[in-house]
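Read the structure below first, then the notes.
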Amino acid sequence: LYSTVVSPTQPIIMSPMARQLLWAFLLFTKCFDFCVFALVASKEVDVLSKALGFFYRQGGTVNVMERSEGLENYSGFSLVEASVKASNGNKGHASGIINALLGACYVNRQPEKALEVVRAYDCLDFLKPDLVALCLTYAVLEETRIAEASVFLTRANNLFEGDQCQSPASTRHVDCNKLGVHGIRVLHDNPEFFVVSKPSGMVCYHSSASSNNPKRRRRRSDLSLEECLMSSGVPLSSLNKEGRGMVHRIDRGTSGCIVLAKSNRQHAVLLSQFFCRNVQKSYQALICCDRRQTKLASEGVINLDIDGRPAISSYELETTLGAGHSRVRVRTKQGRRHQVRIHCANGLQSPILLDPLYNGQASMKNLFRHENLKATLPKLRSSQKFCLHAESLSLPELGIECRAPLPDWWVQLERDLCNMNNRRQ
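The letter at position 125 of the sequence shown is residue 208 when you use the working numbering, and the numbering goes up by one with no holes.
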């Protein structure tokens, strides 16, 4: 510095000691700059982790996505580090927060930021990107960075190394008559996805745990929705190793709308849409109302956590079948496991009729007084049916708008309930 500024024409002669002191001074300034940068970055991560943790505790992944404005102001490593710190060592919470950030990138069309986040995610030792993270990354990249997007789709397909799953079957004629024999109604047939109305009492797929559990092995004798579709010529994607084509599921006893992916590409897109809550679903539930409690309001909101996670549903009273039963339309915000069933039973204090897990069979003794119900209800119970129906499924970005009518047995059941109440009056 002296030789170039003070005396540019005369080279400076330095002793070895002076040279060492100069290098020490330069090293000190570099270390000081690095320490300042690290301190600022650490402070940034602390503030960010507190915000992400608060958002996640208040409203789960949905709230994190909705409150993730300004992601471009943070590096991918800062976002991932803050997510891990916000989880307090819980791997499920950490992956949920990181996936929510990737979901925000997908919704806001930020492919560069998504790549930053997933690359930082890959650098973690104790946690790696799951199927949701890989599908979200593919979905946000597919329009602008096709080559890089295909890498993540391949990774998603190879995620479970030990599982054997064939590639999606080639498209062939779908035997709708065969599906009808099993009670499956086709609602929408597209080259890349398939929407059907699943009958009550049919499981979506048989999990791998069923074959290893003696108590569940007996259930495998019945056909699953997956098996019926494949045997009828419907090609299904292979990303979900438990159930081909399954992007979401509904319980065995629930009937109604379900969408399945035919290709792996569409599976990734559909999974991303479901994760980002771009799907609108409504359910019909026939509930048992306690006559001693106050009359059910015509509409309302149920805010009741499920397994310690936020869950919100809204309902509208559709019809009243006498004093003891009503049918309500329910819409869920989060889509937790058994959310509608739990919210009806514990939120409205009115369990779903025939529901075996949430006290929906307790009122059946009173119904046995009616001759038709005495013959019908035991059959419905033995076939593992209950009165919950996925009435509609809407996904505007993909042009999906489907409605499934109530099953015939349900319509007849409502008639019998009305007749029973009319006789009482």
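Glycine is no exception: its CB is placed at the ideal position from the N, C-alpha and C atoms. If you're wondering where the values come from, they're calculated on a predicted model, not measured in any experiment.
Less than 8 Å between the CB atoms is what I'm expecting for residue i and residue j, so what's the real figure, rounded?
i      : j      : result
Lys378 : Ser338 : Not really, about 28 Å apart at Cβ, beyond 8 Å.
Val223 : Ala203 : So it is not a contact: roughly 15 Å between Cβ atoms.
Glu480 : Asn361 : 6 Å
His350 : Ile341 : His350 to Ile341, Cβ: 14 Å. No contact.
Leu476 : Lys364 : 5 Å
Leu135 : Ala165 : 6 Å
Asn347 : Leu478 : About 18 Å separates the two Cβ atoms, so there is no contact after all.
Gly405 : Leu312 : With a Cβ gap of about 39 Å, Gly405 and Leu312 do not count as contacting.
Pro422 : Ile389 : Here residue 422 is Gln; the residue named in the question, Pro, does not match the sequence. The pair is a contact, with the Cβ atoms about 6 Å apart (cut-off 8 Å).
Relative to the C-alpha of residue i, which residue among the options is closest?
i      : options                        : result
Val215 : Ile333, Arg202, Val352         : Val352
Ala473 : Leu489, Leu460, Ala458         : Leu489
Ile483 : Leu236, Asn273, Cys470, Asn241 : Asn273
Pro439 : Pro461, Thr415, Val279         : Pro461
Ala232 : Thr402, Gly383, Val201         : Val201
Ala239 : Asn323, Gly153, Pro434, Ile229 : Asn323
Glu195 : Arg464, Cys470, Asn442, Thr227 : Thr227
Thr220 : Phe358, Ser465, Val128         : Phe358
Gly266 : Thr403, Leu343, Pro434, Asp491 : Asp491
Pro393 : Ala107, Phe137, Ala101, Gln444 : Phe137
Lys168 : Lys133, Gly175, Arg192, Glu149 : Lys133
Phe243 : Val264, Asn260, Pro212, Glu225 : Pro212
Gly443 : Glu149, Ser283, Arg464, Asp258 : Arg464
Asp129 : Val163, Ile435, His289, Ala107 : Val163
Trp493 : Cys287, Gln193, Gly336         : Gly336
Lys416 : Glu149, Val264, Ala107, Met503 : Glu149
Classify residue i as buried or exposed, calling it buried when 16 or more other Cβ atoms lie within 10 Å of its own Cβ.
i      : result
Met285 : buried
Cys206 : exposed
Asn156 : exposed
Gln356 : buried
Gly179 : buried
Gln495 : exposed
Leu262 : buried
Arg367 : Checking the displayed sequence, the identity of residue 367 turns out to be Gln instead of Arg. By the 10 Å Cβ count, Gln367 comes out buried.
Pro99  : exposed
Lys468 : buried
Ser381 : exposed
Leu110 : exposed
Val279 : buried
Ala230 : exposed
Phe451 : exposed
Gln103 : exposed
Gln141 : exposed
Asp334 : buried
Arg419 : buried
Leu471 : buried
Val384 : exposed
Thr402 : exposed
His256 : exposed
Leu306 : exposed
Gly153 : exposed
Lys126 : exposed
Ala101 : exposed
Ser283 : buried
Glu454 : exposed
Gly175 : exposed
Gly430 : buried
Ser151 : buried
Val413 : buried
In terms of DSSP beta bridges, what is residue i paired with?
i      : result
Arg486 : Ser475
Ser397 : Val384, Arg414
Thr220 : The partner list for Thr220 (beta bridge, DSSP) is empty, contrary to what the question assumes.
Gln367 : Arg412, His472
Thr403 : Ser409
Asp272 : Phe277
Ala344 : Phe276
Met329 : Leu343
Ile267 : Partner(s): none; Ile267 has no beta bridge.
Arg392 : Ile389
Ser338 : His472
Ile229 : DSSP, once it has assigned bridges, lists no residue as partnering Ile229.
Ile435 : Ile370
Is there a C-beta anywhere in chain C that falls below 8 Å from the one on residue i?
i      : result
Leu154 : The structure shown contains no chain C; it holds only a single protein chain.
The region 184-194 touching the region 143-162, judged by at least three CB pairs closer than 8 Å
yes
Meets three-Cβ-pair contact criterion under 8 Å: the region 174-184 and the region 312-328
no
Under 8 Å, with one C-beta from each stretch per pair, do the region 366-373 and the region 402-416 reach the 3-pair mark?
yes
Does the structure place the region 392-402 close enough to the region 413-426 that three or more beta carbon pairs sit under 8 Å?
yes
Taking contact to mean at least 3 C-beta pairs separated by less than 8 Å, is the region 322-330 in contact with the region 152-170?
no
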